[in-house]
Ligand code: PNS
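Residue numbers (this note's numbering): 0 to 160.
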């Protein structure tokens, strides 16, 4: 089985993430989507909610396994025999930090990082921007799967009440 991992915070999953996961799913037998837990960041969605949204929106690809992980990404990979990390690169501004992480991860365990250029349609897209725009009432429905947009609108309304 050829395995790869798409890691991230996924708070929440966007069409940009889905684009990368779908493309990875065509290259590997199994694609693990790892929701990394960052104890210093209070998310908009709980880890369980993020996993449920990812499972629902990636079910169509047929070879996706979704899990959370707290700790190093390299340990997640080693425990599951995953030799490759797939990362989307949106713009040159992503590159410095992504290169640093890729080199660190490779130095730690030899795991490779493969960069996939994001579709130009999503080159500006991030979960943080989507949340910010939505929280001021902006329409981000073209940037998210329908179910995620609905949950986001709901969550923002809950927080205002
Ligand atoms: O969606 P994000 O927040 O940009 O994803 C960043 C993420 C979660 C992939 C990155 O922070 C990560 O790999 N965290 C796990 C902890 C770890 O391994 N840190 C060392 C990186 S060299």
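For each residue, glycine too, the CB sits at the ideal point set by N, CA and C. Given the structure is predicted, the values throughout are model-derived calculations rather than measurements.
- Straight-line measurement puts the Cα of residue 89 at about 10 angstroms from the Cα of residue 114.
- In this structure, ligand 1 has a non-hydrogen atom nearer than 7 angstroms to the beta-carbon of residue 103.
- If you compare the alpha carbons of 111, 107, 94, 127 with that of residue 43, the shortest gap goes to 127.
- Shown here, residue 35 sits in a strand according to DSSP, grouped into three states.
- Taking 8 angstroms as the cut-off, the Cβ atoms of residue 11 and residue 52 count as close.
- Spanning the alpha carbons of residue 142 and residue 149 requires a straight line of approximately 12 angstroms.
- For residue 145, the three-state secondary structure derived from DSSP is helix.
- Just so you know, the alpha carbons of residue 23 and residue 13 end up roughly 16 angstroms apart.
- Rounded to the nearest whole angstrom, the C-alpha separation of residue 84 and residue 5 is 6 angstroms.
- Nearest Cα to residue 35 within the set 73, 28, 63, 102: 73.
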